[in-house]
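As structure tokens, the structure follows; a few thoughts come after it.
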Amino acid sequence: MQPKNKPEQEDCRKYAWTRIVRTAVSGSLVTFILVGYAHGQEASEYQVKAAYLYNFAKSAQWPPQILQDGTAPLVIGIFGGDEDFVDILKD
Numbered sequence: 021m022q023p024k025n026k027p028e029q030e031d032c033r034k035y036a037w038t039r040i041v042r043t044a045v046s047g048s049l050v051t052f053i054l055v056g057y058a059h060g061q062e063a064s065e066y067q068v069k070a071a072y073l074y075n076f077a078k079s080a081q082w083p084p085q086i087l088q089d090g091t092a093p094l095v096i097g098i099f100g101g102d103e104d105f106v107d108i109l110k111d
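For the sequence shown, counting from 1, position 79 maps to 99 in our numbering; every step adds exactly one.
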């Protein structure tokens with residue numbers, strides 16, 4: 021059996037990281053929903069969307085050019101969003 025060439029290895033790694041990120045985001049979202057349900061609190065649609073965006077941005081691996089410093093802010097632009105949603109994202 022011949023060893024894999026570099027492009028195939030890179031594709032495998034990319035696919036593996038994509039699956040890891042998807043699993044982490046899905047797990048975070050499910051955890052957020054279950055914790056809210058366990059406490060008897062209802063999360064608004066905007067809170068769920070904000071949590072999804074936050075967890076996605078947190079678990080994604082960004083290229084070094086995008087976030088050069090680990091403490092750099094990540095700005096999420098909302099086009100035509102409701103003011104309540106924007107306020108939740110700021111928190």
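All C-beta atoms, glycine included, are put in the ideal place defined by N, C-alpha and C.
(1) Can you have a look at A70 and say buried or exposed, based on whether 16 or more other CB atoms are within 10 angstroms of its CB?
(2) If I'm right that V106 touches S79 with Cβ under 8 angstroms, what's the distance once you round it to whole angstroms?
(3) Between A77, P84 and E62, which lies nearest to G97 when the distance is taken from Cα to Cα?
(4) Could you please give the first and the last residue of the uninterrupted alpha helix (DSSP H) stretch that includes Q85?
(5) Quick check on the DSSP output: the alpha helix (DSSP H) that includes S79 runs from which residue to which?
(6) For L94, I'd like the list of residues in its chain whose CB is within less than 6 angstroms of its CB, leaving aside the five on either flank, ordered along the chain.
Taking the structure as given:
(1) Numbered from its first residue, the sequence shown carries residue 70 at position 50. Buried is the call here.
(2) As a first step, residue 106 must be located in the sequence shown, where it is residue number 86. As a first step, residue 79 must be located in the sequence shown, where it is residue number 59. That belief does not hold up - the Cβ atoms of V106 and S79 are roughly 22 angstroms apart, past 8 angstroms.
(3) One-based indexing of the sequence shown puts residue 97 at position 77. Comparing Cα-Cα distances from G97 to each of A77, P84 and E62, the minimum goes to A77.
(4) Translated into the one-based positions of the sequence shown, residue 85 becomes position 65. Taken as a continuous stretch (DSSP letters only), Q85 belongs to no alpha helix (DSSP H), as it is neither H nor E.
(5) For the purposes of this step, residue 79 is identified with residue 59 of the sequence shown, where counting begins at 1. Per DSSP, S79 belongs to the alpha helix (DSSP H) from E65 to S79.
(6) Within the sequence shown, numbered from 1, the residue matching residue 94 stands at position 74. Answer for L94: A77, listed in chain order.
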